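Take 9 as the starting number for the sequence shown in the numbering used here and just add one per residue.
Below you'll find the structure, written out as structure tokens, and then a few comments.
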Amino acid sequence: PVEFKVYFLPDNIPSGSIIHGQKDQGGFFVHPVLVVQYDARKNTAHFYSLTSNLPRGIGDLHLYFKLGTHPNETGEEVLRLGRGSKVMTHRTWVNLEKLYSIEWPYLRPWSRDVYVDLSEREKFWEKISRLEASQNRFLYKPLYRDLSWIAEGTILMLLNRPGSPTFGAPVLFLGKSGTDFLYFRIKEIGKLNHVVGRNIEGTKNHLRLKIGRVGETNPGGAPVMYIDGACQDMR
Numbered sequence: 009p010v011e012f013k014v015y016f017l018p019d020n021i022p023s024g025s026i027i028h029g030q031k032d033q034g035g036f037f038v039h040p041v042l043v044v045q046y047d048a049r050k051n052t053a054h055f056y057s058l059t060s061n062l063p064r065g066i067g068d069l070h071l072y073f074k075l076g077t078h079p080n081e082t083g084e085e086v087l088r089l090g091r092g093s094k095v096m097t098h099r100t101w102v103n104l105e106k107l108y109s110i111e112w113p114y115l116r117p118w119s120r121d122v123y124v125d126l127s128e129r130e131k132f133w134e135k136i137s138r139l140e141a142s143q144n145r146f147l148y149k150p151l152y153r154d155l156s157w158i159a160e161g162t163i164l165m166l167l168n169r170p171g172s173p174t175f176g177a178p179v180l181f182l183g184k185s186g187t188d189f190l191y192f193r194i195k196e197i198g199k200l201n202h203v204v205g206r207n208i209e210g211t212k213n214h215l216r217l218k219i220g221r222v223g224e225t226n227p228g229g230a231p232v233m234y235i236d237g238a239c240q241d242m243r
């Protein structure tokens with residue numbers, strides 16, 4: 009498999025495939041997809057769906073990339089095609105709403121040899137990271153990653169249970185103990201009653217830690233945990 013290349017998602021995929029637990033409504037299959045990662049250990053491909061009719065909500069939130077219509081087309085939200093790549097027959101967008109996974113053998117070659125230039129990969133992943141950092145948790149589904157190398161003090165998203173109104177919630181990673189994941193929940197100031205049974209004014213200082221920039225203070229003298237200068241602010 010070639011990463012950042014267009015493949016075809018057929019509709020005759022066996023019922024035991026992992027793809028059926030991710031999406032199964034009409035119109036999803038029998039369409040081209042853009043493979044962005046390949047997991048050789050599991051022999052699975054990770055991909056985003058392609059569409060010639062971008063949903064309005066996806067467009068308003070800029071959860072997309074446009075595939076170039078010719079090898080020289082560039083832009084902030086355009087993925088430039090690689091040298092020698094064919095072009096799609098219609099204007100095509102990469103829908104970044106959700107990353108999907110499928111067993112690699114179930115994908116098929118696309119009718120045209122379309123692939124993204126290698127130089128565009130950094131721009132692609134930068135946008136994915138930016139979307140994740142914005143924490144639009146009602147719509148955007150984050151990219152699943154190997155977190156074994158994540159440093160202590162990193163803010164991550166912990167998945168909610170199926171059926172929850174949001175996809176996940178932010179947590180502060182403290183470290184690992186064997187196979188256990190150690191963390192603190194993060195709550196908006198004023199909503200700590202959901203955590204400690206009382207509002208922020210009634211919470212003891214040793215039970216709360218404010219996240220802020222260098223120089224910020226916390227009412228009542230409670231400690232402040234400073235974020236890295238290059239880090240984005242919390243919502």
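Using N, Cα and C, we set each Cβ at its ideal position, and we do this for glycine too.
Predicted model only: the values in this text are computed from it and were never measured.
- Taking the Cα positions, Gly29 is about 38 Å away from Ala238.
- Considered as a whole, the stretch 167 to 204 harbours 201 to 204 as its complete alpha helix (DSSP H) runs of no fewer than 4 residues, in chain order.
- Within the stretch 34 to 104, the complete beta strand (DSSP E) segments of 3 residues or longer fall at 39 to 47, 52 to 59, 72 to 75, listed in chain order.
- In the three-state scheme derived from DSSP, where H, G and I count as helix and E and B as strand, Lys31 is classed as coil.
- The C-beta distance from Leu58 to Val14 rounds to 7 Å, short enough to fall under 8 Å.
- The distance from the Cβ of Val44 to that of Tyr56 is about 6 Å, consistent with a contact at the 8 Å cut-off.
- In the structure shown, Ile219 adopts extended strand secondary structure according to DSSP, grouped into three states.
- Per DSSP, Leu115 is not a residue of any beta strand (DSSP E), being assigned neither H nor E.
- Excluding sequence positions up to five before and after Thr162, its CB lies within less than 6 Å of the CB of Phe181, all in the same chain and listed in chain order.
- Beta-bridge pairing by DSSP links Ser109 to His54.
- As DSSP reads the structure, Leu164 sits in a beta bridge with Val179.
- Counting only residues of its own chain and dropping the five nearest sequence neighbours on each side, Gln240 has a CB closer than 6 Å to the CB of Ala141.
- Under DSSP, Leu17 forms a beta bridge with His39.
- Taking 8 Å as the upper bound for CB-CB distance, Ser93 and Pro79 are in contact here, some 6 Å apart.
- By the CB criterion at 8 Å, Leu69 and Trp101 fall outside the cutoff.
- Taking C-beta separations shorter than 8 Å and ignoring five residues to either side along the sequence, the partners of Val10 in its chain run Val43, Tyr123, following chain order.
- Under the DSSP definition of a beta bridge, Val232 partners with Lys218.
- For Ile66, the closest C-alpha among the options Pro18, Asn103, His54, Tyr46 is that of Asn103.
- At a Cβ-Cβ threshold of 8 Å, Arg129 and Phe12 count as neighbours.
- Looking from the CA of Gly90, the closest CA among Thr97, Leu75, Glu84 belongs to Leu75.
- Pairing Leu17 with Pro40, the inter-Cα distance amounts to about 6 Å.
- In the DSSP assignment, Val10 is bridged to no other residue.
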